[in-house]
Each structure stands twice: as structure tokens, then as C-alpha cells.
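Taking our numbering, the leading residue of the sequence shown gets 1, the next gets one more, and so forth. For each residue, glycine too, the CB sits at the ideal point set by N, CA and C. Quick caveat, the model's predicted, so the values are computed rather than measured.
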Amino acid sequence: MTRMTGGDAIVDSLLRHGIDTVFGLPGVQMYGLFDAFARNANRLKVINARHEQTTAYMALGYTQSTGRPSAFTVVPGPGVMNTMGALTTAWGVNTPIMCITGQVPSAMIGRGRGQLHEMPDQLATLKTLLKFAERIEHPTEAPQVMARAYQAMVSGRPGPVAVEMPWDMFPATADVTPIEPLGKLGNPVPDPDKIAALAKLVDGARAPMIWVGGGAVDAGPEILALAEKIGAPVVSYRMGKGVVDSRHPLSLNTVGGFELWDKTDLLIGIGTRLDTPIGRWAPAPAGLKTARVDIDPIEHRRLTVDVAIVADAADGARALTALVKGRDDPARRAAVAAAKAAALAAIEKADPQYSFMKVLREVLPDDGIVVDEVTQLGYIIWYGYPVHQPRRLISSGFSGTLGYGFPTALGVKVANPDRPVVSVTGDGGFLFGGSDLATAKQFGISLVTVVVNNASYGNVLRDQQRLYEGRHSGAVLTNPDFQAYARAFGVGAWRVETADAFRGALKEALASDAPAMIEVVSDITKDYPPYRFHNPRLP
1 MTRMTGGDAI VDSLLRHGID TVFGLPGVQM YGLFDAFARN ANRLKVINAR HEQTTAYMAL
61 GYTQSTGRPS AFTVVPGPGV MNTMGALTTA WGVNTPIMCI TGQVPSAMIG RGRGQLHEMP
121 DQLATLKTLL KFAERIEHPT EAPQVMARAY QAMVSGRPGP VAVEMPWDMF PATADVTPIE
181 PLGKLGNPVP DPDKIAALAK LVDGARAPMI WVGGGAVDAG PEILALAEKI GAPVVSYRMG
241 KGVVDSRHPL SLNTVGGFEL WDKTDLLIGI GTRLDTPIGR WAPAPAGLKT ARVDIDPIEH
301 RRLTVDVAIV ADAADGARAL TALVKGRDDP ARRAAVAAAK AAALAAIEKA DPQYSFMKVL
361 REVLPDDGIV VDEVTQLGYI IWYGYPVHQP RRLISSGFSG TLGYGFPTAL GVKVANPDRP
421 VVSVTGDGGF LFGGSDLATA KQFGISLVTV VVNNASYGNV LRDQQRLYEG RHSGAVLTNP
481 DFQAYARAFG VGAWRVETAD AFRGALKEAL ASDAPAMIEV VSDITKDYPP YRFHNPRLP
């Protein structure tokens with residue numbers, strides 16, 4: 001038992017759980033916590049941002065790129081609400097981050113007296129979205145609540161959690177008994193009967209296809225072993241890229257996967273919702289059998305398949321590999337190779353975006369990290385960017401969160417100081433959080449930010465003009481001078497219009513080892529429409 005404040009008890013719990021970096025923005029309710037941060041500065045790194053949304057996105061990027069849980073802290077009420085875009089994204093991409101927030105004073109909770117930052121029911125709001133949300137009523141409760149929160153966010157299907165503490169409890173002192181971390185709960189054991197049933201389907205299939213998503217990000221070796229044994233291509237979209245090296249003969253992007261789709265007779269989804277093949281590529285091939293390996297039993301209720309296995313991706317793939325028969329089918333290998341070549345030929349036509357993407361891949365090393373965004377270059381990256389290792393393309397997944405890219409990339413770079421990190425964003429999305437160039441400068445976060453400036457919300461403009469006889473509303477932007485904007489923060493800036501110029505600027509920006517921005521001037525009327533890849537069945 002140790003005498004400590006509520007803030008100290010939270011810091012102690014964070015450190016015991018291996019969280020040594022916190023992203024935050026202080027406010028009056030949180031003074032007691034930030035004082036604990038100051039007194040533990042030799043053990044806990046705190047990076048403060050210029051907007052609450054950035055604190056949460058930075059935590060998200062930190063964890064997406066490493067797999068290590070992280071935390072952020074903001075004031076209650078409007079502060080928490082400002083992070084909802086990031087928390088929604090964390091839920092969508094199954095990322096374990098912890099929100100630590102405050103409350104009104106203990107005696108005023110639930111009374112509706114108009115206390116600073118009061119909400120009707122903050123926890124109820126958070127519980128609609130998060131895996132866990134609980135109040136620490138007193139410093140003595142901090143170790144137990146923090147341990148349960150940590151266990152919840154890392155066990156099973158990972159996801160975001162939150163804890164709140166009343167304003168008066170952060171500085172309050174008490175005799176606190178720290179506890180050891182509860183740790184991650186064990187993974188479910190794959191049902192041997194279902195594994196056997198899937199093995200039977202695999203052995204009877206002529207053209208199986210494996211599709212991987214974000215739930216498979218740490219199962220690359222096991223999935224590759226399965227794919228090589230049965231000669232199946234491994235198809236990945238945003239979240240699954242890098243699970244199998246894009247250079248491997250069996251690794252396909254979605255463009256290549258579609259080339260083989262109509263002749264596929266067995267689809268195995270591992271850690272994925274299968275939205276693209278089952279939803280966007282409908283109708284399915286005649287006689288298609290489907291199977292899924294997913295750790296979340298709820299996920300299996302959302303899509304009816306022939307075999308549903310509740311298991312961790314690696315465990316499920318390993319168990320299946322042990323039962324299936326090996327095969328060597330030269331015709332199948334040739335078909336996969338042809339699909340891979342056809343995909344490259346199709347993506348090469350996606351200029352000018354392809355040329356810039358190609359430079360990005362050629363300049364970055366295998367372990368360089370790209371953080372995408374909802375922008376014209378970002379769309380092509382989803383389909384065609386070769387990724388050689390897991391967690392080297394960071395994406396908002398199906399959330400499609402505009403404004404996600406730049407602040408998330410800041411957190412990625414904090415977690416990966418010795419790897420090059422490039423944020424690919426657009427003029428619209430970047431300015432959601434562009435003021436946090438100040439954060440990059442203050443903390444020496446050597447992120448290279450590529451801002452594709454087409455003076456519009458490009459897809460919105462294109463869609464409006466296509467659907468409404470050329471009319472548009474709200475889609476055209478008047479932008480600042482991005483070069484002057486970056487330099488006002490002390491950030492190096494380049495402006496390019498061609499892929500060749502981009503190559504030189506990117507090399508210089510990376511070599512500067514300092515925060516940098518490259519503005520790519522673009523013409524939306526000349527960009528390749530990305531929907532041609534999104535749903536190939538559309539005209």
C-alpha cells in the first residue's frame with residue numbers, strides 16, 4: 001500500500017501495463033493528472049497536441065504501427081467529443097487505445113447543474129462505441145479499473161476503451177494498493193470439427209482464394225504457410241496489406257483478386273469482414289463455398305458462411321495447415337501470375353496518381369511506413385501500393401475518416417523514430433488538423449507530409465458533377481499558401497507538380513530528418529477515377 005494521488009495511481013497503472021507514452025491536452029479538470037505526469041517525467045513521455053482529436057489520432061497511429069497499446073488524455077465533455085472520430089476509427093480498425101478523461105466534481109455528477117464541460121451521461125455515450133468505459137470513483141479504485149480496461153482492450157478482438165475520474169479525485173490522496181496487470185485473456189481454441197470441415201472443403205476445391213484483413217496482421221507466417229501448401233492466392237485490401245509480402249507470387253491486391261474471382265470455388269476469409277468480395281463483387285461465382293476465421297464470435301453472426309471458425313488468425317491458419325493436403329498445380333500458379341500481371345497493367349494506367357505512388361515505393365525502404373488518407377493519391381495506394389511487411393501501410397479502414405491521415409502519422413512517427421514515415425493526405429483532409437504542424441515542430445517529429453492540392457474535395461466534386469448534370473456545391477476549396485503555412489510553423493516545405501520533381505523533394509525531405517511538407521499540385525479533372533478499382537463491376 002502506497003500513499004499517492006489519483007493521478008499518481010493512474011500513472012503507476014499505465015507504467016505497470018507497459019504504456020510509457022501518453023498523448024494529451026491539459027485542462028482544469030485534469031490538472032491533478034498532468035501534475036502526476038510532470039512528477040514522473042523521467043518514466044513517462046507526454047506529448048501534448050493543439051487539438052483533442054490529434055491526441056487520439058496520435059495514440060491510434062502509435063498503436064496501429066506497432067501493436068503496442070497506448071493512451072491519450074483529454075478534458076471531459078467537449079474534449080472527449082472532439083476525439084470521437086478517432087475513437088470511431090479505432091473501433092473500426094480494432095486498435096487498443098485508452099482514453100483517460102475527467103468528470104465534474106464527485107458531488108455534482110448527474111445533477112445537471114451546468115458544471116464546466118458537463119454532459120448528461122458521458123459514460124453512457126462512450127459505452128455505445130467502446131469495449132469498456134468505467135469511472136474511477138476514488139484513487140483506491142484506480143489499479144483495478146485500469147487493469148480491467150487494459151485487459152478489455154487487448155483481449156479477443158482488440159479495441160478502444162475509456163476511463164474517467166472526477167475532477168476532485170485526481171489530486172486527492174489515499175493509500176493505494178497497486179496490482180499486477182491482469183494481462184490478455186487466452187485466445188479461443190479452434191474447434192477441431194470445424195477445422196476438419198474446412199480442410200475437407202479446401203481439399204475438394206480447385207481454385208481456393210484466401211482473403212486477409214486487419215485481424216490477420218500478426219499472422220503472416222502462418223497464413224503464408226497455408227497459402228503455399230494449397231497454392232492459394234492471398235488477397236489483401238487496405239488493412240491486410242503486408243500480411244504477405246506484395247512481392248510474393250501468391251500475394252495479390254484486390255485488382256488481381258478480381259481477375260480470379262469468377263473462377264474461385266472457395267473463399268477463406270481470415271481476420272476480415274469480406275465486404276469487398278461478398279458485397280461489392282456480387283454476384284458470387286456459382287457454387288462458391290465460403291469460410292471465415294475470426295476471433296470475434298459476433299462477427300460470424302453478420303455473414304452466413306459454410307464454415308465459421310472462432311479463432312485467432314494465426315491459430316486458425318496453423319490448425320488448418322496441419323490438416324489440408326499439399327498440392328502443386330502449375331496451371332493454378334500460372335493463373336495467379338497472370339492475374340498479378342494484369343493487376344499491375346491496370347494500375348499503371350491510373351495516372352497521374354500511379355506515377356507518384358511508384359516514386360513513393362521506390363524511394364522508401366521496405367520498412368518505411370505510409371499513412372494514407374481519403375484523397376486521390378490515397379485511393380490508388382489502397383489498391384496498388386506494394387507493401388512488404390505488416391503494419392507498413394496505416395489506414396482508417398472502412399471508417400474512411402477524412403482528416404485522419406496527418407495526425408495519425410504524427411503518432412506513427414513517434415512510435416517509429418528510426419523509420420521513414422510519410423503521410424499522404426489531401427488539401428481538404430490535411431486542414432482538419434494542420435495546426436498540429438506546431439506539435440511536429442515542438443517535439444521534433446520528423447514526419448514528411450505530402451499534401452495533394454487539387455483545390456477541392458475531389459471525389460465529392462467528381463461525383464456531384466457526374467450525378468447532377470455538372471452542378472456542384474461545397475466541394476471547391478480556396479486554400480492557403482501551403483508553403484507559407486508550413487514555414488510559419490518552422491517546417492520545411494517543397495512544391496512540386498511532376499513525379500520526377502516529387503522524387504527529388506521526397507529524398508530531400510526524408511534526408512532533412514525534420515518535419516517537412518511536400519505540396520503536390522494536382523488537377524482533379526486529370527486524376528484517374530478510383531471507383532474503377534473499388535467496384536470493377538460498375539461501368
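Per DSSP, Phe398 lies in no beta strand (DSSP E) and is assigned neither H nor E.
Secondary structure at Pro78: helix, using DSSP grouped into helix, strand and coil.
At a Cβ-Cβ threshold of 8 angstroms, Val46 and Gly24 count as neighbours. By the criterion of a C-beta distance shorter than 6 angstroms, Ala205 is surrounded in its chain by Asp265, Leu266, once the five residues flanking it on both sides are discounted.
Taking the Cβ atoms as the reference, Gly32 lies roughly 3 angstroms from Phe170, within the contact range of under 8 angstroms.
Secondary structure of Gly492 (DSSP, three-state): strand. Take the alpha-carbon of Leu260 and the one of Ala49: they are about 46 angstroms apart.
Here DSSP, grouped into helix, strand and coil, assigns Arg273 to coil. Ala343 is positioned such that its CB atom lies closer than 8 angstroms to that of Leu252.
Taking C-beta separations shorter than 8 angstroms and ignoring five residues to either side along the sequence, the partners of Asn94 in its chain run Arg157, Pro158, Gly159, Gly214, Gly215, following chain order. If you check the CB distance, Gly242 and Val448 do not come in under 8 angstroms. Judged by DSSP in its simplified three-state form, Gln103 adopts strand. Within the same chain, Val448, Gly492, Ala509 come within 6 angstroms of Ala516 by CB-CB distance, once the 5 residues on both sides are set aside. The distance from the Cβ of Val176 to that of Pro139 is about 6 angstroms, consistent with a contact at the 8 angstroms cut-off.
The C-beta distance from Thr290 to Thr254 rounds to 17 angstroms, too long to fall under 8 angstroms, and the pair is not in contact. Counting C-beta pairs closer than 8 angstroms gives three or more between the stretch 64-82 and the stretch 111-119, which meets the contact rule. DSSP places Val422 inside the beta strand (DSSP E), whose first and last residues are 421-426. Closest in alpha carbon position to Pro297, among Ala314, Pro285, Gly271, Ala199, is Gly271.
It is roughly 7 angstroms from the alpha-carbon of Gln144 to the alpha-carbon of Ile179. In the structure shown, Thr173 adopts extended strand secondary structure according to DSSP, grouped into three states. For the 8 angstroms CB-CB criterion, Val371 and Val414 do not form a contact. When secondary structure is reduced to three states using DSSP, Val452 falls in the strand class.
Counting along the chain, Lys441 sits inside the alpha helix (DSSP H) bounded by residues 437-443.
In the three-state reduction of the DSSP assignment, Arg206 falls in the coil class.
In the structure shown, the three-state DSSP call for Arg3 is strand. For Asp367, the CB contacts under 7 angstroms within the same chain, skipping 5 residues up- and downstream, are Gln389, Arg392, Arg419 in chain order. Nearest C-alpha to Ser13 among Met146, Thr125, Val202, Thr401: Met146.
Look at Val414 here: in three-state DSSP terms it is helix. In this structure, Ala438 lies near Phe489, with their beta-carbon atoms less than 8 angstroms apart. Secondary structure of Leu33 (DSSP, three-state): helix.
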